[in-house]
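The sequence shown: position 258 = 257 (numbering that gives the first Met the number 0), numbered continuously. By construction, the Cβ of each residue, glycine as well, lies at the ideal position given by its N, Cα and C atoms. As the structure is a prediction and not an experimental result, all values here were calculated from the model.
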Amino acid sequence: MVQAPRFISLVAGRAEGATPRVAFEAALRAAGLGQVHLLPLRAEESPLIPPGTRFEPLHEPPIPQLAPVALARVESATPGETIAAAVAAGLGPEGRGLVRTGHARGAPAAELERALRLEVEEAFRAHGWPLHELHSCSVEHAVERQGCAVAAAVLWEEPAAVEEARWVTEAWTPHTHCRFKIRDHLYRARTPFQRLDVVETVEFGRMLLLDNAVQTTERDEWAYHEMLAYVPLFAHPKPRRVLIVGGGDGGLLRAALAHPDVERVVQVEIDREVVEAAKRYLPSISRGAFDDPRVELVFQDAFEYLETVKGLFDVALLDTTDPIGPAVKLFTSEFYGRVARALGGEGVAAAQCGSPWFQPDVIRGAIRAMRACFPLARLYLGFVPTYPAGLWAFALGTRGRDPLAVPADELQERFAPLRGRTRYFTPEVFRAAFALPPFVAELSA
Ligand code: SAM
0 MVQAPRFISL VAGRAEGATP RVAFEAALRA AGLGQVHLLP LRAEESPLIP
50 PGTRFEPLHE PPIPQLAPVA LARVESATPG ETIAAAVAAG LGPEGRGLVR
100 TGHARGAPAA ELERALRLEV EEAFRAHGWP LHELHSCSVE HAVERQGCAV
150 AAAVLWEEPA AVEEARWVTE AWTPHTHCRF KIRDHLYRAR TPFQRLDVVE
200 TVEFGRMLLL DNAVQTTERD EWAYHEMLAY VPLFAHPKPR RVLIVGGGDG
250 GLLRAALAHP DVERVVQVEI DREVVEAAKR YLPSISRGAF DDPRVELVFQ
300 DAFEYLETVK GLFDVALLDT TDPIGPAVKL FTSEFYGRVA RALGGEGVAA
350 AQCGSPWFQP DVIRGAIRAM RACFPLARLY LGFVPTYPAG LWAFALGTRG
400 RDPLAVPADE LQERFAPLRG RTRYFTPEVF RAAFALPPFV AELSA
């Protein structure tokens, strides 16, 4: 027996395109339905489809994307029946829903949407099916050109499956996962180095993920970037030349460039595609930093880049992915040795190194490696809500003074140009960050 779908999204839009299918897909994307999973659909799949209904599959083999929807254009002499047919067909063995186009060239999208909504309601009434949910929206493209008029009903049989597609999940451990509800999946790619995703989350704004690990979000990026940039930059007495390793989202670069002493930054990032995606989808994080004339951007493995560099920098900021994939060797004493050699006289380096709750071994390894390469190394802490458990450890190594010996009045004086422009870091937070609860302190013992 055919069961009624429980969830319906109704979208309408107008878009131009070389073919009706291209226009149709463009409108779906514009209406926020970019993640359709296209399945072939055949009229013979349901006995409820009225005779004379014409199906035209818009896409053949299924694309492995998120939300399962069967997509076809359906035309019939009786519009209400077309929707009923669509529902029925969408409940066939392969499909979980269906998208229908309306052809009303020139009609405003909102009108198409209203008409389609009425059709859906009418069809459901006629079949005695309960209509649990019906979401609708309409979108119009600015450019009006001949193309497919697009109104679509997306009929979901399984709200759970749809719901699942609207979350990204990061495994903090095999047994503890964190889920973020998303509005849209803006970009996905497999680069030569890693999988890259940009999503629009409901609570944290846009989010960058690499290999399914959260890298940064619009809402909390500053908490992390200010702590990774300003603690070492204020620990050093005059940080003019800065090295950034990784940091492809550009948030750390932006923070470093805002420091009044910084005259030049070399950023070494292995993956050009991260920078390109960040510029395009996360401009609020880098805020033009990549175009600053003080910046030299090098696309290279930082381990290789540092092989021959000596005494070029005052401060090194290590904003790398967790020790997996291309970043594994960036957590070794061999790499920290190269970083130390790249620094001049009173050089300071800082690295993000993980969650004291979930990655104690990574932190232990990082602080040991730092200590092996610098006369003094200390852990300090920040808080970044979207990182595992929030509490985050950084390892600082210095060839100059102990950060705890930086005089309070010096900190206040040098911080003055940044006052009111930071949201996490202050001279007081600088000091407090080195106060470690015993369970963290013992990681650096
Ligand atoms: N704060 C972040 C986190 O959550 O771990 C790191 C952000 S940033 C996007 C990390 C960057 O390090 C990525 O863009 C990645 O491509 C880069 N990276 C990884 N391995 C690298 C290597 N060997 N050399 C240079 N950059 C590297």
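Residue nearest to residue i in terms of C-alpha spacing, selected from the options
i      : options                        : result
Phe289 : Phe382, Glu412, Leu311, Gln266 : Gln266
Thr172 : Phe330, Gly396, Tyr386         : Tyr386
Ala326 : Ala368, Ala376, Val405, Gly245 : Gly245
Arg279 : Leu403, Leu435, Tyr186         : Tyr186
Phe192 : Ala371, Arg165, Gln299         : Gln299
Gly250 : Phe233, Pro259, Gly287, Leu311 : Gly287
Gly224 : Arg367, Ala350, Met369         : In the sequence under discussion, the amino acid at residue 224 is His, which differs from the Gly named in the question. Nearest C-alpha to His224: Ala350.
Phe357 : Ala368, Asp321, Ser332         : Asp321
Pro355 : Pro437, His258, Val201, Cys372 : Pro437
Thr200 : Gly364, Val297, Val167, Asp408 : Val167
Arg194 : Lys180, Gly353, Asp210         : Asp210
Trp391 : Leu435, Arg413, Ala368, Ala404 : Leu435
Phe179 : Phe203, Asp196, Arg189, Ala188 : Phe203
Leu442 : Glu409, Gln411, Phe393, Phe414 : Phe393
Ile284 : Val405, Arg253, Asp318, Leu296 : Arg253
Tyr304 : Asp291, Gly324, Tyr335         : Tyr335
Lys328 : Gly343, His176, Val361         : Val361
Glu306 : Leu342, Pro292, Ile323, Leu296 : Leu342
Thr175 : Leu296, Ala388, Pro406, Ala444 : Ala388
Val486 : Arg189, Ala188, Ile181         : The question about residue 486 has no answer, for the chain in this structure spans 0 to 444.
Ala440 : Ile366, Val405, Arg400, Ala371 : Ile366
Lys309 : Arg337, Val297, Gly324         : Arg337
Pro292 : Phe312, Arg413, Glu262         : Glu262
Arg363 : Ala444, Cys177, Arg165         : Ala444
Phe414 : Phe312, Leu117, Ala257, Cys177 : Ala257
Gly324 : Arg165, Leu117, Thr190         : Thr190
8 Å contact criterion, which residue i and residue j should meet: CB distance rounded
i      : j      : result
Val294 : Val347 : Val294 to Val347, Cβ: 20 Å. No contact.
Asp183 : Gln214 : Going by Cβ atoms, the distance from Asp183 to Gln214 rounds to 18 Å, so no, they are not a contact pair.
Ala339 : Arg398 : 7 Å
Ala277 : Leu207 : 7 Å
Pro402 : Ala234 : 4 Å
Glu217 : Leu281 : 7 Å
Pro236 : Glu345 : 6 Å
Ala368 : Thr331 : 6 Å
Val383 : Asp219 : 6 Å
Cys372 : Gly353 : About 18 Å; that fails the 8 Å criterion.
Glu169 : Ala222 : Contact flag wrong, Cβ pair sits at about 17 Å.
beta-carbon residue i near ligand 2 non-hydrogen atom, thresh 7 Å
i      : result
Gly396 : As for ligand 2, it is missing from this structure, which binds only ligand 1.
Quick check: the stretch 235 to 244 against the stretch 261 to 278, are at least 3 beta-carbon pairs closer than 8 Å? At 8 Å Cβ cutoff, the stretches touch.
Unbroken alpha helix (DSSP H) runs of length 4 or more, entirely within the stretch 355 to 405: which are they? For the stretch 355 to 405, whole alpha helix (DSSP H) runs of length 4 or above, ordered along the chain, are 359 to 372.
Count the CB pairs spanning the stretch 425 to 437 and the stretch 269 to 276 that are closer than 8 Å, and state whether there are at least three. Touching, no.
Restricting to runs no shorter than 4 residues, where is the alpha helix (DSSP H) found entirely within the stretch 187 to 248? Restricted to the stretch 187 to 248, the alpha helix (DSSP H) segments that are unbroken, complete and at least 4 residues in length are 220 to 234, listed in chain order.
Touch test, the stretch 409 to 423 against the stretch 213 to 233, Cβ-Cβ under 8 Å, three pairs minimum: For the pair of segments examined, the stretch 409 to 423 was found to touch the stretch 213 to 233: the number of CB pairs separated by less than 8 Å reaches three.
Is there contact between the stretch 411 to 418 and the stretch 364 to 379, where contact requires at least three CB pairs shorter than 8 Å? By the Cβ rule, the stretch 411 to 418 does not count as touching the stretch 364 to 379, because fewer than three pairs are nearer than 8 Å.
In chain order, each alpha helix (DSSP H) run of at least 4 residues that lies wholly inside the stretch 244 to 281: Given a length threshold of 4 residues, each whole run of the alpha helix (DSSP H) inside the stretch 244 to 281 is given here in chain order: 250 to 257, 271 to 280.
Scan the stretch 299 to 345 and note each continuous alpha helix (DSSP H) run of 4 residues or more that stays entirely inside, going in chain order. DSSP runs (the alpha helix (DSSP H)) wholly in the stretch 299 to 345: 301 to 304, 332 to 341.
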